[in-house]
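Chemist:
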Amino acid sequence: MQQLGTNEAARGRWVYIHNTQREREREMASLTESEESPSPKIFIPEEWSEAAESIAYDLITSPPPVALICGAKNSGKTTFSRHLLNILLRRYKRVAYLDTDVGQTEFTAPGCLSLTVVDKITPGASQLSHEHLKELFKIDPCNFTHAVKYVTFDINLALLWFKLTWLAGLQPGQDILCFFYGDISSKRDPSAYLEFIFALYDCYRKVYCMSNHSESPGNTGVPLVVNTPGWVKGIGYDLLVDMLKYISPTHIVKICISAESKNLPGGAFWLDEGHDVTGTLIEINSARQDSLKRSVLVHKDARLLRDLRVMAYFRQCFPSDLSITTIKELAYALAAHPPYEIPMSSIKIKHLHCQVPSTEVFYSLNATIVGLAVSSEDSEHLPQCVGLGLVRGIDIFKRVLYVITPVPQNTLEKVDLLLQGLIQIPTTLLQLILLDKTHGCTGMHLTLHGCKCFANELAELQLLMV
């Protein structure tokens with residue numbers, strides 16, 4: 001065991017087991033090494049390019065533009081947002097990205113709301129061709145959770161997808177402010193959802209929004225791209241309207257699909273009657289075909305995407321050159337990975353979206369994904385999330401938690417709060433551990449009542465995670 005840091009308040013809080021600090025640092029360093037990756041391209045309609053150019057080079061906009069992208073599900077909001085971000089980087093040194101889609105996040109793991117400041121063009125989902133997408137999503141999503149069928153599923157393509165989307169965005173030198181909402185839908189707690197978004201936007205206004213007084217707009221000011229969820233009916237519509245009124249963007253890009261009933265209302269739908277439009281409304285159509293008349297719309301199973309994203313996130317626990325090419329190998333690697341040991345007395349626990357009896361607080365954490373946060377003494381400030389952790393086990397006799405996370409050691413020293421939401425460990429990983437009994441007790445295990453085989457507790461865990 002090894003103590004982390006020299007801060008007395010943090011001393012004894014996070015202890016890494018079976019590994020030296022130098023080894024851990026070497027592992028983390030290997031994750032940031034640049035690698036050669038393919039650069040597949042996707043067709044960007046001329047209409048999209050013209051819209052992005054008009055925002056980036058709008059001579060009327062001062063300070064820099066604040067563009068909000070909205071539209072129905074699978075309309076191409078994320079692809080256009082990434083395209084716009086890269087176009088803006090041609091003119092500005094940095095661009096801020098506010099991600100409000102907790103179910104399909106772009107720069108973080110699922111369940112988070114974040115503000116990211118990017119200083120270099122990032123190849124993302126918008127750079128993947130429709131052939132790559134169809135290859136990834138040809139898996140039957142209905143059968144994806146059946147571990148036996150997919151024990152040899154090659155995750156290389158999935159890791160490529162996420163490396164190009166959000167892993168490419170988390171590079172050194174980029175500023176990130178993140179809050180752990182703890183669910184994949186804003187309908188669980190709309191008030192908290194908006195509170196996080198407003199706090200992120202306030203941070204952008206305070207830190208990055210500067211009036212541009214120089215002739216070269218690349219010298220000062222940081223434009224903002226706001227990506228929104230595809231839930232545009234009912235409460236989702238109301239939340240979008242609240243966001244638009246609070247942020248008051250300079251440009252609103254509304255993407256329309258062929259199914260008219262699923263689109264947002266025409267015009268400035270977010271304004272009350274009698275109010276003048278303060279921003280520029282741009283309406284564009286979704287990209288349905290490429291230059292060869294091939295369909296570019298791919299049905300993306302949301303649950304499959306989230307599971308792959310979670311797995312790609314925890315894949316960062318291991319060196320990039322370590323051979324982990326299947327979900328089965330990833331499951332066993334996580335089960336055998338040395339965890340951090342956290343004394344219960346040094347950490348606070350907050351349950352989101354549910355109430356847990358005090359006698360069940362630690363038990364409810366077992367084999368769950370938690371947000372690793374830094375609490376604030378100021379009640380007006382929300383706890384900032386620095387990453388996710390997987391609670392591998394709990395020893396009630398030693399009064400310690402065992403947590404696996406890719407978050408660097410120096411950052412973990414600041415963590416004093418665990419946030420339990422409803423982000424689940426992919427069922428595939430849980431089932432795969434059961435396929436080989438040799439991994440049952442040596443991998444994820446429960447120690448609430450002594451050391452128990454993980455298999456004996458799976459039923460209870462699944463009930464806890466519903």
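In UniProt numbering, the protein residues as written are 1 to 466. Even for Gly, the Cβ is constructed at its ideal location relative to N, Cα and C.
Identify whether residue 343 lies in helix, strand or coil by the three-state DSSP scheme.
Modeler: Note: residue 343 maps to strand in three-state DSSP.
Chemist: Tell me the rounded alpha-carbon separation between residue 429 and residue 360.
Modeler: Each residue's alpha carbon lies about 24 Å from the other.
Chemist: Which of helix, strand or coil does DSSP assign to residue 543?
Modeler: Only positions 1 to 466 of the chain appear in the structure, and residue 543 is not among them; the question remains open.
Chemist: From the DSSP secondary-structure annotation, give me the bridge partner or partners of residue 285.
Modeler: Answer is 256.
Chemist: With a CB to CB cut of under 7 Å and the five nearest residues on each side skipped, what residues in its chain are close to residue 263?
Modeler: Hits under 7 Å: 72, 256 and 257.
Chemist: Confirm, please, whether the CB-CB distance from residue 354 to residue 179 is below 7 Å.
Modeler: Not closer than 7 Å, so no.
Chemist: Helix, strand or coil: how does DSSP classify residue 277 here?
Modeler: Looking at residue 277 - three-state DSSP - the assignment turns out to be coil, as it is neither helix nor strand.
Chemist: Would residue 50 pass as an interface residue toward chain C - the criterion being a Cβ-Cβ separation below 7 Å?
Modeler: Absence of chain C from the displayed structure is noted, only one protein chain being present.
Chemist: On the DSSP bridge assignment, give the partners of residue 112 in chain order.
Modeler: DSSP output for residue 112 lists 180 as bridge partner(s).
Chemist: Start and end of the alpha helix (DSSP H) containing residue 305?
Modeler: Where residue 305 is concerned, the enclosing alpha helix (DSSP H) stretches over 302-315.
Chemist: Going by beta carbon distance, what residues of the same chain come within less than 6 Å of residue 350, once the five residues before and after it are set aside?
Modeler: Here the set comprises 419.
Chemist: In angstroms with no decimal places, state the Cα-to-Cα distance between residue 405 and residue 181.
Modeler: One C-alpha to the other measures close to 18 Å.
Chemist: With DSSP run on the structure shown, which of helix, strand or coil describes residue 236?
Modeler: In this structure, residue 236 counts as helix in the three-state DSSP scheme.
Chemist: Which residues in the same chain have their Cβ closer than 8 Å to the Cβ of residue 490, if we skip the five residues on either side of it in sequence?
Modeler: In the structure as shown, the chain starts at 1 and stops at 466, and residue 490 therefore has no counterpart that could be examined.
Chemist: Relative to the C-alpha of residue 207, which candidate in 193, 194, 192 and 224 has its C-alpha closest?
Modeler: Of the candidates 193, 194, 192 and 224, the one whose C-alpha sits nearest the C-alpha of residue 207 is 224.
Chemist: Check the DSSP bridge columns for residue 66 and list the partner residues they point to.
Modeler: For residue 66, which the question treats as bridged, DSSP gives the partners 224.
Chemist: In the DSSP assignment, find the unbroken beta strand (DSSP E) run with residue 398 in it and report its ends.
Modeler: Where residue 398 is concerned, there is no enclosing beta strand (DSSP E), given that its DSSP letter is neither H nor E.
Chemist: Alpha carbon to alpha carbon, what distance is there between residue 283 and residue 68?
Modeler: Between residue 68 and residue 283, the C-alpha separation is close to 12 Å.
Chemist: Any contact between the region 299-315 and the region 326-344? By contact I mean 3 or more CB pairs, one from each, below 8 Å.
Modeler: Yes, since at least three Cβ pairs between the region 299-315 and the region 326-344 fall closer than 8 Å, the two stretches touch.
Chemist: Is it right to say residue 325 is buried, meaning 16 or more other beta carbons lie within 10 angstroms of its own, or is it exposed?
Modeler: Answer is exposed; the Cβ neighbour count stays below 16.
Chemist: Would you report the Cα separation of residue 232 and residue 84, rounded to the nearest angstrom?
Modeler: Roughly 22 Å separates the two Cα atoms.
Chemist: So, residue 421 versus residue 352, is the Cβ gap smaller than 7 Å?
Modeler: A contact, by the Cβ cut-off of 7 Å.
Chemist: Between residue 369 and residue 390, how many whole angstroms is the CB-CB distance? I'm expecting something under 8 Å.
Modeler: The pair is a contact, with the Cβ atoms about 6 Å apart (cut-off 8 Å).
Chemist: Just how far apart, CA to CA, sit residue 184 and residue 305?
Modeler: Those two C-alpha atoms are separated by around 12 Å.
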